[in-house]
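*Asks:*
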Amino acid sequence: MWSDIISEFADSPSQIRVVRFLLENGFGVTEDGRISCNGIEIPATAVAKAIGSDRRVVDSTARRILKRPLLKDIFLNMRATPDLSRVAESLGFTVITVLPRNANERGIVGAAVRVLSDHLLSIRQIFVTDPQFSEEPKLVIIVEDPLPMGVIEKIRALPQVKQVII
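Mapping of the sequence shown onto our numbering: position 155 corresponds to residue 157, and the numbering continues sequentially without gaps.
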């Protein structure tokens with residue numbers, strides 16, 4: 003998908019930056035060409051400021067998205083979900099961040115989840131940053147405290163894992 007989007011905006015690096023920002027943050031586009039997050043409009047000036055661009059670039063990118071059927075479908079239906087990792091400790095959860103050796107390799111999520119389920123841990127949230135959208139892709143798993151002995155070591159020992167951060 004990312005390669006299709008890049009080719010669609012190949013003539014405009016500034017618009018690619020807008021599209022990348024929208025995707026990374028789960029922002030969509032409304033039918034009338036406004037940036038939105040879960041139905042709440044986000045001013046184009048705020049998006050432009052966040053990426054060091056101009057409001058007109060954000061507006062023209064939104065209009066361009068709406069003219070392309072595939073992109074229109076994606077961005078009209080985009081939804082953001084909360085990331086509990088920053089408040090996990092306050093909620094009594096542990097955040098396990100797994101940095102993969104090769105983020106394009108299959109089975110990373112399954113292997114890590116298998117270790118956690120073998121220890122009867124309840125997973126509260128799990129998300130993966132896409133290697134096409136993120137310079138440092140990672141797997142983030144939020145579990146209930148406390149972690150049994152040996153869990154982190156077993157995840158760290160998985161062949162797909164480069165590093166584990168707690």
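Built from N, CA and C at the ideal position, the CB exists for glycine as well.
Quick one: which unbroken alpha helix (DSSP H) runs of 4-plus residues sit fully inside the stretch 55-85? Chain order, please.
*Replies:* The alpha helix (DSSP H) runs of length 4 or more contained entirely in the stretch 55-85 are, from start to end of the chain, 57-69, 71-78.
*Asks:* Please classify E146: does DSSP put it in a helix, a strand, or coil?
*Replies:* In the sequence shown, residue 146 corresponds to position 144, counting from 1. If DSSP states are grouped into helix, strand and coil, E146 belongs with the strands.
*Asks:* Give the range of the beta strand (DSSP E) segment to which E26 is assigned.
*Replies:* Within the sequence shown, residue 26 is the residue found at index 24, counting from 1. First-last for E26: 15-27, but that is the alpha helix (DSSP H), not the beta strand (DSSP E).
*Asks:* Got a sec, what are the start and stop residues for the beta strand (DSSP E) E43 sits in?
*Replies:* Translated into positions along the sequence shown, residue 43 becomes position 41. E43 -> beta strand (DSSP E) spans 42-44.
*Asks:* On a Cα-Cα basis, can you pick out the residue from D6, A46, V163 that is closest to A105?
*Replies:* Mapped onto the sequence shown, residue 105 falls at position 103. Checking every option, the nearest Cα to that of A105 belongs to V163.
*Asks:* Below 7 Å, is the gap between the Cβ of M80 and the nearest heavy atom of the ligand NAP?
*Replies:* As far as ligands go, the structure on display features none, and thus does not contain the ligand NAP.
*Asks:* Going by the beta-carbon positions, is the gap between V49 and I37 smaller than 8 Å?
*Replies:* Position 47 of the sequence shown holds residue 49. Position 35 of the sequence shown holds residue 37. For V49 and I37, yes; Cβs fall inside 8 Å.
*Asks:* Residue ranges of each alpha helix (DSSP H) run of no fewer than 4 residues wholly in the stretch 104-132, ordered along the chain?
*Replies:* 110-120
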